[in-house]
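Trainee: I have a structure here, written as structure tokens, and I will follow up with some questions on it.
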Amino acid sequence: MRHLAPPRAAAALLLCCSLLLAAAAAVLGLAPSARAEDSLGKLTFPVTSGKTADNPGFPEVTTDGPCPSTNAQQVSLVVANPVGGTITLGKTTVGAPFDQGPFTAGILAGKSLESVLRGWTPTGSLDGTYDIRLMCRTAANVGGKYFAAKVKVTGDSWTLEAPAAAATATTLTAAPAATAPVGAEVTLTAAVTPAAAAGKVTFLDGPTALGTVDAASGTAVLKTTALAQGAHTLTASFAPADTAAYAASVSTAAAYTVTAAAGSPSPDPSDTGSPTPTAPTDLDATDEDGTALDVNPTLTAGQQVLLTARGYTKDAKVKVSLADSEAAFPDATADAQGTVTAYAFTVPADSEDGSYTLSLTEDGADGHSVEFMYSIGDAPDPGPSDSATADDGGTTDGTDGGDSAAAGTGTGTGGGDGSTGGGGTATGPLASTGTSALALGATALALCGLGTAFVMHARRKGLLRF
């Protein structure tokens, strides 16, 4: 085997190094001179078209914002090569520093767009789209932040391409949150970003428009009572006033439930005047399908209900507990309006028949508390009332006192006439005639038995004949 002579080996090594350096230089030359995240905003020209041979190519440009204060001593207008690198068209320091808002810069010395592009494409067509950038730089020509525009070259002419509309985002919130009784006023708020985007916001319930409001400083508010009982899907749609500057956007759909109003029950003819329980104004209770529950409802073990309680401090921690029960329940948290919304409560599976009280109490010594009362099983039957029977066990109308053996129910303090009966409440000694009648009846039966036995004995002895 022949060995490479040292001079020839050195030459080969130098050749390899040269190739590597050339490759590295090519990679560096193709690397973009500015990053997309360095863009400060948009660049506009006083005209929207021209000739590629014009020199300077763009004598004046205008930004939509300021340069950073650290890179505001001069500005340079450059053309960015689509495959990397830039070439300067011209620069200026007139008007520096350029950190005081949108500004217009006149490029005093420059080159034509055609001469710059021919540096990259010596022959052939120059057609294509190119980035024109105004670089914000220090006095030492250092800095990478820029304002940009795109021009399209066709033949020997260029035209300014319309900049892409800025993206917007819209979010929707409702108060009360998530649920409200039918007829209640619901406040819908849309937040649009960026806040500078002017336009209108349309609030929708599914496909139905609830109203349209102007967006001011990024906010639009609509108050409505038009939501019917049931489930709703709410959205907010932003339409920009300047479609070239900003894009439209739609919020994420928000589920909303409107429950039945807590109304007063119809009058009951048998009502004795006792007060009718009413729903607490600071509590709404529905089943898991959103149907409103009655006041003090009868539930079943394992049933889930949704509770919305109001009146708490903003963002308060709320403890949930069931009286006379060792069951543990997760805490709740009030929202910015002091409302606990759609708290999911499940009746303990081991609950026995009876009445229960669930408390939602704000954490603190004097915290606001809301109670939800319910029953398990059938309600107990009411006992006899004073108006149904007389104090002595007889009837109030006296119609049962038609027998001389039964005492009357008259109003006198003595014994009334059993054949006529009394019309009032018994208050005399005959009030205990039920017991006396039983005793007399037993005595009469005993005497009848003794009499029958005596007659039979007398006939056998011949004492009596019929």
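Here the sequence shown stands for residues -17 to 448, where the numbers follow this note's numbering.
Where a beta carbon is used, it is the ideal one built from N, C-alpha and C, also for glycine.
Here the structure is a predicted model, which is why all the values come from computation and not from measurement.
(1) Please list the terminal residues of the continuous alpha helix (DSSP H) segment that includes valine 60.
(2) Going along the chain, which residues of its own chain have a beta-carbon closer than 7 Å to the beta-carbon of alanine 326, five neighbours each way excluded?
(3) Check each candidate in Gly67, Gln211, Ala172 and Lys127 and name the one with the smallest Cα separation from alanine 202.
(4) Judging by CA-CA distance, which residue of Phe311, Ser303, Thr282 and Thr315 is the nearest neighbour of aspartate 297?
(5) Where DSSP assigns a beta bridge to serine 307, which residues make up the other side?
(6) Could you check the C-alpha separation between serine 456 and aspartate 332 for me, to the nearest Å?
(7) Measure how close the beta-carbons of proline 279 and alanine 309 come, nearest whole angstrom, since I'm counting them as under 8 Å.
(8) Cβ atoms of leucine 142 and threonine 30: under 8 Å apart, would you say?
(9) Which residues in the same chain as alanine 54 place their Cβ atom closer than 7 Å to its Cβ, once the five residues preceding and following it in sequence are excluded?
(10) Given this structure, state the Cα-to-Cα distance separating proline 28 from threonine 241, to the nearest angstrom.
(11) Which residue comes first and which comes last in the beta strand (DSSP E) that contains glycine 32?
(12) Can you tell me whether threonine 323 is buried or exposed? The criterion is at least 16 other CB atoms within 10 Å of its CB, across all chains shown.
(13) Quick one: give me the first and last residue of the alpha helix (DSSP H) that glycine 101 is part of.
(14) Got a sec? Which residues, its chain only, sit under 7 Å from alanine 243 by beta carbon, not counting five neighbours each side?
(15) Where threonine 194 and threonine 239 are concerned, what is the direct C-alpha to C-alpha distance, given to the nearest angstrom?
(16) By Cβ distance, which residues of its chain are closer than 6 Å to glutamate 96, with the 5 residues on each side in sequence left out?
(17) For aspartate 196, which three-state DSSP category applies?
(18) Nearest by alpha-carbon distance to alanine 237: which of Ala146, Phe85, Tyr112 and Leu170 is it?
(19) With C-beta atoms as the reference, is leucine 71 less than 8 Å away from lysine 93?
(20) Whose CA, out of Asp269, Thr74 and Ala191, lies closest to the CA of alanine 218?
(21) Under 8 Å: do the segment 182 to 189 and the segment 207 to 221 share three or more Cβ pairs, one atom per stretch?
(22) Taking the straight line between their C-alpha atoms, what separation do you get for threonine 111 and glycine 67?
(23) According to the Cβ coordinates, are alanine 131 and leucine 25 closer than 8 Å?
(24) Suppose the cutoff is 8 Å on Cβ atoms and the five residues either side in sequence are ignored; what does the same chain contact list for proline 312 look like?
(25) Tell me where the beta strand (DSSP E) around phenylalanine 327 begins and ends.
(26) For the beta strand (DSSP E) that aspartate 269 lies in, which residues bound it at each end?
(27) What does proline 163 pair with, by DSSP beta-bridge criteria?
(28) Any idea what DSSP makes of aspartate 187, helix, strand or coil?
(29) Are the beta-carbon atoms of leucine 265 and phenylalanine 129 separated by less than 8 Å?
(30) In the DSSP assignment, what are the bridge partners of serine 357?
(31) Please state whether the Cβ-Cβ distance between proline 158 and threonine 321 is less than 8 Å.
(32) Can you give, in chain order, each stretch of the alpha helix (DSSP H) that sits fully within the segment 98 to 137 and has at least 4 residues?
(33) Smallest Cα separation from alanine 156: which of Ser139, Val57 and Thr207?
(34) At the level of alpha carbons, what is the spacing between aspartate 271 and proline 145?
(35) Less than 8 Å between the CB atoms is what I'm expecting for lysine 89 and proline 38, so what's the real figure, rounded?
(36) So aspartate 46 and glycine 126 are in contact, right, with Cβ under 8 Å, and what is the actual spacing, rounded?
Mentor: Reading off the structure:
(1) Segment 56 to 62 is the beta strand (DSSP E) holding valine 60; no alpha helix (DSSP H) there.
(2) Gln286 and Leu288
(3) Ala172
(4) Thr315
(5) In DSSP, serine 307 forms no bridge with anything.
(6) With the chain running from -17 to 448 in the structure shown, residue 456 is simply not present.
(7) Not quite, the Cβ-Cβ distance comes to about 19 Å (not below 8 Å), so this is no contact.
(8) yes
(9) Ala78, Pro79, Phe80, Asp81 and Cys118
(10) 60 Å
(11) 31 to 33
(12) buried
(13) 95 to 102
(14) Pro163, Val164 and Gly165
(15) 22 Å
(16) Thr34 and Ala35
(17) strand
(18) Leu170
(19) yes
(20) Ala191
(21) yes
(22) 15 Å
(23) yes
(24) Val302
(25) 322 to 328
(26) 265 to 269
(27) Thr241
(28) strand
(29) no
(30) Thr280 and Ser337
(31) yes
(32) none
(33) Thr207
(34) 49 Å
(35) A small fix is needed here, since residue 89 is isoleucine in this sequence, not lysine. Indeed, because the Cβ distance is near 5 Å, the residues count as touching under 8 Å.
(36) Incorrect: roughly 18 Å between the Cβ atoms, too far for contact.
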